[in-house]
Amino acid sequence: MPVVVIANPKGGVGKSTLATNVAGYWASQGHAVMLGDVDRQQSSRLWLGLRPPAARPITSWEVQRDAVVRPPKGTTHVVLDTPAGLHGGKLKEVLRIADKVLVPVQPSIFDIYATREFIDQLLEGKGADRRDIGLIGMRVDERTIAADQLRQFTDGLGLPVLGTLRPTQNYVYLAARGLTLFDVGPGRVARDLEQWQGITAWLDKA
Numbered sequence: 000m001p002v003v004v005i006a007n008p009k010g011g012v013g014k015s016t017l018a019t020n021v022a023g024y025w026a027s028q029g030h031a032v033m034l035g036d037v038d039r040q041q042s043s044r045l046w047l048g049l050r051p052p053a054a055r056p057i058t059s060w061e062v063q064r065d066a067v068v069r070p071p072k073g074t075t076h077v078v079l080d081t082p083a084g085l086h087g088g089k090l091k092e093v094l095r096i097a098d099k100v101l102v103p104v105q106p107s108i109f110d111i112y113a114t115r116e117f118i119d120q121l122l123e124g125k126g127a128d129r130r131d132i133g134l135i136g137m138r139v140d141e142r143t144i145a146a147d148q149l150r151q152f153t154d155g156l157g158l159p160v161l162g163t164l165r166p167t168q169n170y171v172y173l174a175a176r177g178l179t180l181f182d183v184g185p186g187r188v189a190r191d192l193e194q195w196q197g198i199t200a201w202l203d204k205a
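In numbering that gives the first Met the number 0, the protein residues as written are 0 to 205.
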């Protein structure tokens, strides 16, 4: 049972956007998906409350803040959304059950510095040799200097960059309705689905 943790100590980088869309992708493949919320804001849980009954089911997993344990039986795929400032014992507890860690990063110097320190923690922590770590550029306009800065940063990490996601209102529009890119006709979000190809291939890799 793959467990993917979406994590970055920096707030506002798009963790919940990634978490809900990863869950939506796996649900679209027919998996029994559980979306857990370690975030105090409970963003992913609130999003599940907006999800229409006709959409492919995604189950909520209420993760206890003082202890992260294995999810209930019957689940085949797990996504964990995490809060800003995740560190110390809570980070170790979450990573203990993680098979993959997806790290969103925005193309600003502040996000880059925060992410650098976080990745160092991931690579030094217990079990680092068995976890896959993937990076995603969030809200990236490829024409900007900031995008160049992000590329320079990721080039020096030795970790896979699974893609960059453009700044688009599609995510905002769909999230407000409890939906993801994978819940609507592909023609409506073709450009965005193309940007997700590297992410979905990484998610499906054993």
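Think of the CB as a built atom: it goes at the ideal place given N, C-alpha and C, for glycine as much as any other residue.
query: Same chain, Cβ closer than 6 Å to D119, neighbours up to 5 away in sequence not counted; result: none
query: With 16 other Cβ atoms within 10 Å as the buried cut-off, status of H86; result: exposed
query: A189 versus T58: straight-line alpha-carbon distance, rounded; result: 27 Å
query: Limits of the unbroken beta strand (DSSP E) element including V32; result: 32 to 36
query: Assumed close pair V78, V21 - CB separation to whole angstroms, cut-off 8 Å; result: 5 Å
query: C-alpha gap between G123 and A97, whole angstroms; result: The residue you asked about is not Gly; residue 123 is Glu in the sequence shown. Going by the C-alpha atoms only, they are around 15 Å apart.
query: Euclidean distance between Cα positions of W60 and Y112; result: 32 Å
query: Contact under 7 Å by Cβ, A145 with P106; result: yes
query: Collapsed DSSP secondary structure at I144 in the structure displayed; result: helix
query: Assumed close pair L180, G136 - CB separation to whole angstroms, cut-off 8 Å; result: Their Cβ separation, rounded to whole angstroms, is 17 Å, which puts L180 and G136 out of contact at 8 Å.
query: Segment limits, alpha helix (DSSP H) that includes V93; result: 87 to 95
query: CB of G177 within 7 Å of CB of L45, strictly; result: no
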